[in-house]
RNA sequence: GGUCCCGUGGCCGAGUGGCAAGGCAGAGGUCUGCAAAACCUCGUACGGCGGUUCGAAUCCGCCCGGGACCUCCA
């Protein structure tokens, strides 16, 4: 099915076609591993995951998906510095080597990040590569040399800057978001004094070494410039190295349009001479209870915070799919609860489909709902419309009444749909006996026997006890289901 | 100060000129010893005020409220 995507470059919906037949090359701005990722970060990665899954399942493409790990920047340096309050015992001992400290610090949060995305069902095996910035220092330095050689970079006080005024003479700057320098907010962060750049809009490609900070040797035109890469550099270099330019899709949060992505385009074009990406796809932010997430408002959550509060990461995944990715998502606890119920209802439906069909079962047209649901997903990942169509079908199609062939087709469609949504189990109901303590199972069995003997008072008392232990009993016609509450 | 997005029933959330999707909650019912689950049925919602139009949630203006970006925040 043909996919259409909203492209930030053109500000409109465009039909998507990969540059190489059948293969989509896609890059996602990943986390800076200086702390646990919060759910706002997670939205960005879930949106990218949704896109790559839709490309695979609905578009029928192979996807080569790269997401970087930023393990060198101001925040990671600060966090790993000697005496940092952010240093944790799990990271080991701090050493005399700033680079080694940085490595220990960032690996810790990288590991946490990998655990977090795994819990959200962002699959490691879907990622072609998860490159660390510090492992691409060479290609970054090479890019700086190219930029300078082409006359778009200059050295000042040990750092290398991108010369925007020179760049503006040969190319358009401000393709993703027009920025009018005449109307810069008074007091906006320009910290012109901090560096020796010629224009405040010039951005740093390579930052000169500061005492006590990690650095790499760098020789540029015979000059020794020990230091570390600028923010935007890693993406350009990794895209070039891992995907090749130009590639198909670049994703990230909406805040990255400017300056990060704008500068990335300028760098890649200036250095490699190639406009790096055909499609820029940006997701809107996540708010909490209608407010911007902030630590001072007390509405700042990491995934770990939410899990500690008893939320299921898959309910969070499902909840985030209920809104379109280009609109702000209002994260609420009530919303996650609603998502949990809706998700459970579909799971129940799937279980019913696995049960034996009645002899005079109904036959339904599954191809139509598939076309409708996938059609909405193909239309700029319109998950709300896709789910509306899906639930409309569910409401009109009671699982218990379907014939065997319809069930088979429907389960096939659901397993395809679940390759995208990934929050259900396409399997018969299995009493997960191993997850339930033996004494609870015994109580449930005892209660069932009492119930058969019509000793209801005693049976109900046991049911109470079981419920207090955190399990619920659902009676069926000739048996019961025992599951965690 | 500049640029831009959003405001739809109790909550979430589609719809961008022609009788307002869907989810959750709520109400009633079926089934069940009761409950839970499941299933069926049920909605006088478009922030405010003007304007354009035969017709506006949808276009235009103003106002109110929330949010974003404006040089290292996803």
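Numbering (the working numbering), first residue to last: 550 to 1034.
By construction, the Cβ of each residue, glycine as well, lies at the ideal position given by its N, Cα and C atoms.
All figures in this text were calculated on a predicted structure; none of them were measured in a lab.
Item checked: Proximity of residue 593 and residue 802 at Cβ, strictly below 7 angstroms -> As a working note, residue 593 is residue 44 in the first chain. As a working note, residue 802 is residue 253 in the first chain. Yes, Cβ-Cβ distance for residue 593 and residue 802 is below 7 angstroms.
Next item on the list: Indicate whether residue 938 and residue 902 have their beta-carbon atoms separated by less than 7 angstroms.
Entry: On the first chain, position 389 is the one that residue 938 refers to. On the first chain, position 353 is the one that residue 902 refers to. Cβ atoms of residue 938 and residue 902: not closer than 7 angstroms.
Next item on the list: Following the continuous alpha helix (DSSP H) through residue 705, name the residue where it begins and the one where it ends.
Entry: Taking the first chain and counting its residues from 1, the one referred to as residue 705 is at position 156. From DSSP, residue 705 is part of no alpha helix (DSSP H) but of the beta strand (DSSP E) over 702-705.
Next item on the list: Go through its chain and collect everything with a Cβ distance to residue 671's Cβ below 8 angstroms, but skip five positions before and after it.
Entry: The residue labelled residue 671 in the question sits at position 122 within the first chain. Cβ neighbours of residue 671 beyond the five flanking positions: 594, 595, 598.
Checklist line | Residues sharing a beta bridge with residue 777, DSSP | finding: Within the first chain, residue 777 is the residue found at index 228, counting from 1. Per DSSP, 756.
Check: For residue 855, which option in 580, 589, 550 has the closest C-alpha, if you only look at C-alpha atoms?
Finding: By one-based count along the first chain, residue 855 stands at place 306. Considering only alpha carbons, the answer is 589.
Note to self: DSSP has residue 918 in a bridge; who is on the other side?
What the structure shows: Locating residue 918 in the first chain gives position 369, where the first residue counts as 1. DSSP lists no partner for residue 918.
Next item on the list: Specify the secondary structure class of residue 567 as computed by DSSP and reduced to three states.
Entry: Residue numbering aside, residue 567 sits at position 18 when the first chain is read from its first letter. Note: residue 567 maps to coil in three-state DSSP.
Margin query: If you measure between the beta carbons of residue 689 and residue 786, is that distance less than 7 angstroms?
Written below: In the first chain, residue 689 corresponds to position 140, counting from 1. In the first chain, residue 786 corresponds to position 237, counting from 1. Closer than 7 angstroms, so yes.
Notebook entry, point to check: If residue 1001 sits next to residue 1011, beta carbons under 8 angstroms apart, how far is it from one beta carbon to the other, in whole angstroms?
Noted result: In the first chain, the residue the question calls residue 1001 occupies position 452. In the first chain, the residue the question calls residue 1011 occupies position 462. Actually they are not in contact, since the Cβ atoms of residue 1001 and residue 1011 sit about 13 angstroms apart, beyond 8 angstroms.
Checklist line | Backbone secondary structure at residue 618 - three-state DSSP | finding: On the first chain, residue 618 is found 69 positions in, with the first residue counted as 1. Strand at residue 618.
Note to self: Between the alpha carbons of residue 551 and residue 608, how many angstroms are there, rounded?
What the structure shows: In the first chain, the residue the question calls residue 551 occupies position 2. In the first chain, the residue the question calls residue 608 occupies position 59. So the two alpha carbons sit approximately 6 angstroms from each other.
Checklist line | Between the CA atoms of residue 825 and residue 799 - distance to the nearest angstrom | finding: For the purposes of this step, residue 799 is taken as the residue at position 250 of the first chain. For the purposes of this step, residue 825 is taken as the residue at position 276 of the first chain. Roughly 9 angstroms between the two C-alpha positions.
Notebook entry, point to check: Three-state secondary structure (DSSP) at residue 562?
Noted result: To locate residue 562, count along the first chain from 1; it is residue 13. Note: residue 562 maps to strand in three-state DSSP.
Item checked: From 817, 827, 884, 568, residue whose alpha carbon lies closest to that of residue 837 -> As a working mapping, residue 837 is identified with position 288 in the first chain. Looking at the Cα atoms, 884 is the closest of the given residues.
Notebook entry, point to check: Should residue 679 and residue 626 be called a contact, given that it needs their Cβ atoms to be closer than 7 angstroms?
Noted result: Counting from one through the first chain, the residue named residue 679 turns up at place 130. Counting from one through the first chain, the residue named residue 626 turns up at place 77. No, the Cβ-Cβ distance between residue 679 and residue 626 is not below 7 angstroms.
Margin query: For residue 978 and residue 992, which I take to be in contact (beta-carbon distance under 8 angstroms), what is that distance rounded to the nearest angstrom?
Written below: Here residue 978 refers to the residue found at position 429 of the first chain. Here residue 992 refers to the residue found at position 443 of the first chain. Actually they are not in contact, since the Cβ atoms of residue 978 and residue 992 sit about 21 angstroms apart, beyond 8 angstroms.
Notebook entry, point to check: Just how far apart, CA to CA, sit residue 990 and residue 929?
Noted result: In the first chain, the residue the question calls residue 990 occupies position 441. In the first chain, the residue the question calls residue 929 occupies position 380. For residue 990 and residue 929, the distance between alpha carbons rounds to 47 angstroms.
Item checked: Integer-rounded CB distance, given that residue 752 should sit under 8 angstroms from residue 779 -> Numbered from its first residue, the first chain carries residue 779 at position 230. Numbered from its first residue, the first chain carries residue 752 at position 203. With a Cβ gap of about 7 angstroms, residue 779 and residue 752 count as contacting.
Next item on the list: Measure the C-alpha to C-alpha separation of residue 713 and residue 701 and round it to an integer number of angstroms.
Entry: Mapped onto the first chain, residue 713 falls at position 164. Mapped onto the first chain, residue 701 falls at position 152. For residue 713 and residue 701, the distance between alpha carbons rounds to 7 angstroms.
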